[in-house]
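Q:
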Amino acid sequence: MTCTVDLDGDEAPPTYTSLADVYDFKTAAQAAPRYEALYRAYVARFGSAPSLFVRSPGRVNLIGEHIDYAGFSVLPMALNRDILLAVGDIEPVGPGGTVTVRLHHADHAERYVDTEWSHQSGTVLEIDKTVHHWGNYVQGAYRTTLEQIQSDARIGQTLSRFNLAVSSTLPIAAGLSSSAALTCGASLATMAANGVVMKSRQLVRAAIDGEHLAGVACGGMDQSICMLGHREAALRVDFAPHLHVSPVPLPLTSAGEQPVFIIAQTLKTAEKHKYAAVQYNLRFYEATLGAVVLARALNISVPCKTYHAVLNAYYGPEAMRSAPAETLAEAMQRFEDIFPVKGVVNEADVPEMLDISDLSIASLRARYAPDMQCDASGGLHLFARGKHILAEAHRVYAFDALCKLNAGSSMPDPDGTLKALGQLMHESHRSCVELYDCSSPELDTLTTLAEKHGAFGSRLTGAGWGGSCVSLVTADRAAGLIASLCEEYYYQRRPEWRHDPAGQQQLSNMIFASAPQAGANIFRDLIL
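Under the working numbering, the first residue of the sequence shown carries the number 15, and numbering increases by one thereafter.
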């Protein structure tokens, strides 16, 4: 399969002049009214027309949950739901002048209130991460993108003030990476407004760092797929030794069609900020400490803060590059044999496990979870988390290998391949339930119903604790699966949606089918 994306992020995101450059004919016709509505909303709010649009897609992770921050590869795809940003009123500001950015949400202005920020050109914008405001994601990406711009000696210190209006078809806190789509879009908008050209990998880095500034730990998968997505394939995103993506073409069905994925939201939001200390951030902390404990048990002398780094040090870089699946299979057994504590660990006992008895909890946090709020009062499940991470990393390579082995139309048993992929997704969900404790009753119900009604496999996607699940199905069975889930899940919880046009519209963004889509781009001179 020929891949046209910039696999290492060494080119700038594309700029287009037509919706047809990104969307197929049917989807472009459906998308055009959104751009028109955002154009009108920008004019109504700021009194002038926008200069350009930025499109930044959401993503669904097909397999590889909670392992990106452990250094392992993941396998997501970009979605046909996205965030749009209208950018305008761009005005250069000389050195020492005041740069102001004004931000407006065109869809939910009552919930996401307008904000603006100012700073002197050449100074650092301060962000208060203790204040949980949606604009923090945009401010964070804005600041880190400016830092990338200003670190380039070829670019002067002249920055631009500008305005932003945002519109989205991505459900919020649904596990579809609306936050990464927003930070990627904000980074790309900041680049465009300041009249510079940056490489995609620079923008990925800025978006990752921007989300960190907003107070949320993230590993980089979400920003990578949002920026580098491919219209014809999922992507395997590698983080070591550096960011690299490779296309993973999906096997065709016996009818010669590409399968699709049904994304279904639980109606239970997964708000990162609200519960980060006992959910996402705590898992990040457990994964880091588990890797450090494993490195100590293996007598590895070099510092290792991720499981990937531990395996790299123990088995060697060549083994991890040339035979990652085989290396992981051996590492899973080694981990079972050697990890010192299989049960729950008190945080106060970790220094002793590391033979650093005089290390305080405060110092432990500063070393392994800096700038991160964590609540470990319920204990640390280091063994269970590590077991999930290694097995899930192995499943990613198994999924990738099945897809690439059976890519194309001349396959002896294409539906058998889809069943095998579905089984990997099923195993992934069970691991998230039993070992990583990041599912929810709603997610378990939805995945069970999806598999009951014809999905080859179904699993939670995103951080978990609510949000969405993803299910693999053939295109001809997608509508039937959606109808069954509406009947047995959504109408049971929202009966008023059954005959309400507004409810049906809301439902269309709660459950939908998607094939892989292209990554973020700019639209200039768009004719609407």
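Beta carbons: idealized from backbone N, C-alpha and C, even for Gly. Given the structure is predicted, the values throughout are model-derived calculations rather than measurements.
Taking only the alpha-carbon atoms, compute the straight-line gap between S201 and T41 and give it to the nearest angstrom.
A: Straight-line Cα distance between these residues: approximately 25 Å.
Q: Counting Cβ pairs, one atom from each stretch, are 3 or more of them under 8 Å apart for the segment 455 to 472 and the segment 501 to 517?
A: Judged by Cβ distances under 8 Å, the segment 455 to 472 makes contact with the segment 501 to 517, as three or more pairs qualify.
Q: Under three-state DSSP, which class holds Q237?
A: Helix, per DSSP.
Q: So, do the segment 484 to 495 and the segment 451 to 458 have three or more beta carbon pairs nearer to each other than 8 Å?
A: Too few Cβ pairs lie closer than 8 Å, so no.
Q: So, do the segment 199 to 213 and the segment 26 to 40 have three or more beta carbon pairs nearer to each other than 8 Å?
A: Enough Cβ pairs lie closer than 8 Å, so yes.
Q: Mind reading off the beta-carbon distance from P354 to A311? Whole number of angstroms is fine, and I expect it under 8 Å.
A: Indeed they touch by this definition, with Cβ atoms about 6 Å apart.
Q: Mind checking which residues open and close the alpha helix (DSSP H) that includes I496?
A: Where I496 is concerned, the enclosing alpha helix (DSSP H) stretches over A489 to L499.
Q: Pick from V180, P338 and V307: whose alpha carbon is nearest that of R59?
A: Among V180, P338 and V307, the Cα nearest to that of R59 belongs to V180.
Q: Can you give the beta carbon distance from S87 to V113, rounded, assuming they're within the 8 Å contact cut?
A: Going by Cβ atoms, the distance from S87 to V113 rounds to 38 Å, so no, they are not a contact pair.
Q: Note down the Cα distance separating K282 from L217, rounded to an integer number of angstroms.
A: Approximately 31 Å between the Cα atoms of the pair.
Q: With DSSP as the reference, label V210 as helix, strand or coil.
A: Correct three-state label for V210: coil.
Q: Candidates L373, S485, K401 and D389: which alpha carbon is nearest L432's?
A: Checked all of L373, S485, K401 and D389; the closest Cα to L432 is S485.
Q: Among V324, C198 and S315, which residue has its Cα nearest to the Cα of G304?
A: When each option's Cα is compared against that of G304, the closest is V324.
Q: Excluding the five sequence neighbours on either side, which residues of its own chain have a C-beta within less than 6 Å of the C-beta of A100, listed in chain order?
A: Correct list, in chain order: L52, Y56, P64, F67 and A179.
Q: Leaving aside the five residues before and after H226 along the sequence, list all residues of the same chain whose C-beta is less than 8 Å from its C-beta, in chain order.
A: The residues are G154, C232 and D385.
Q: Relative to the alpha-carbon of V487, which residue among S62, L76, F39 and A34 has its alpha-carbon at the smallest distance?
A: Here the closest residue by C-alpha is L76.
Q: Please check the pair G108 and T31, which I expect to be a contact at CB under 8 Å, by giving their CB distance rounded to whole angstroms.
A: G108 to T31, Cβ: 31 Å. No contact.
Q: Have a look at the DSSP bridge pairing and note the partners of C198.
A: C198 is not bridged to any residue.
Q: Taking buried to mean at least 16 other C-beta atoms within 10 Å of its own C-beta, is V138 buried or exposed?
A: V138 is exposed by the Cβ-count criterion.
Q: Within its chain, find whatever has a CB closer than 8 Å to the CB of D539; leave out the 5 residues flanking it on each side and keep chain order.
A: Answer for D539: T31, listed in chain order.
Q: State yes or no: is the C-beta of P261 within less than 8 Å of the C-beta of H244?
A: Yes.
Q: Quick check on E130: does DSSP put it in helix, strand or coil?
A: DSSP places E130 in strand when its eight states are reduced to three.
Q: Between Y321 and the ligand GDP, is there a pair consisting of the residue's CB and a ligand heavy atom that are separated by less than 7 Å?
A: The ligand GDP is absent from the structure shown, which contains no ligands of any kind.
Q: Mark D351 as exposed unless 16 or more other C-beta atoms lie within 10 angstroms of its C-beta, in which case mark it buried.
A: So D351 ends up on the exposed side.
Q: Return the chain-ordered list of same chain residues with a C-beta closer than 7 Å to the C-beta of D82, the five sequence neighbours on each side being excluded.
A: Excluding positions up to five away in sequence, the list reads V88, G233, G234, M235 and F253.
Q: From this set, D429, F298 and Y328, which residue's C-alpha is nearest A269's C-alpha?
A: The shortest Cα separation from A269 among D429, F298 and Y328 belongs to D429.
Q: Can T111 and S135 be called in contact, C-beta distance under 8 Å?
A: In the sequence under discussion, the amino acid at residue 111 is Gly, which differs from the Thr named in the question. Cβ atoms of G111 and S135: closer than 8 Å.
Q: Under the rule that 16 or more other beta-carbon atoms within 10 Å means buried, what is T158, buried or exposed?
A: By the neighbour-count rule (16 or more Cβ atoms within 10 Å), T158 is buried.
Q: First and last residue of the alpha helix (DSSP H) that includes Q293?
A: First-last for Q293: undefined, no H or E at that position.
Q: Would you please state the rounded distance, in angstroms, between the beta carbons of A247 and Q237? I believe it to be under 8 Å.
A: Not really, about 18 Å apart at Cβ, beyond 8 Å.
Q: Nearest CA to the CA of N535: which residue from P106, V152 and I97?
A: Taking only the C-alpha atoms, the option nearest N535 is I97.
Q: Taking 8 Å as the cut-off, decide whether the C-beta atoms of L449 and R379 are in contact.
A: No, the Cβ-Cβ distance between L449 and R379 is not below 8 Å.
Q: Between which two residues does the beta strand (DSSP E) holding L76 run?
A: Unbroken beta strand (DSSP E) run through L76: L66 to I77.
Q: Here's the rule I'm using: 16 or more other beta-carbon atoms within 10 Å means buried, otherwise exposed. How should A376 be labelled?
A: So A376 ends up on the exposed side.
Q: Under the three-state reduction of DSSP, which class applies to N177: helix, strand or coil?
A: Strand, per DSSP.
Q: From F397 to M367, what does the alpha carbon distance come to, in whole angstroms?
A: Using only the alpha carbons, I get a separation of about 13 Å.
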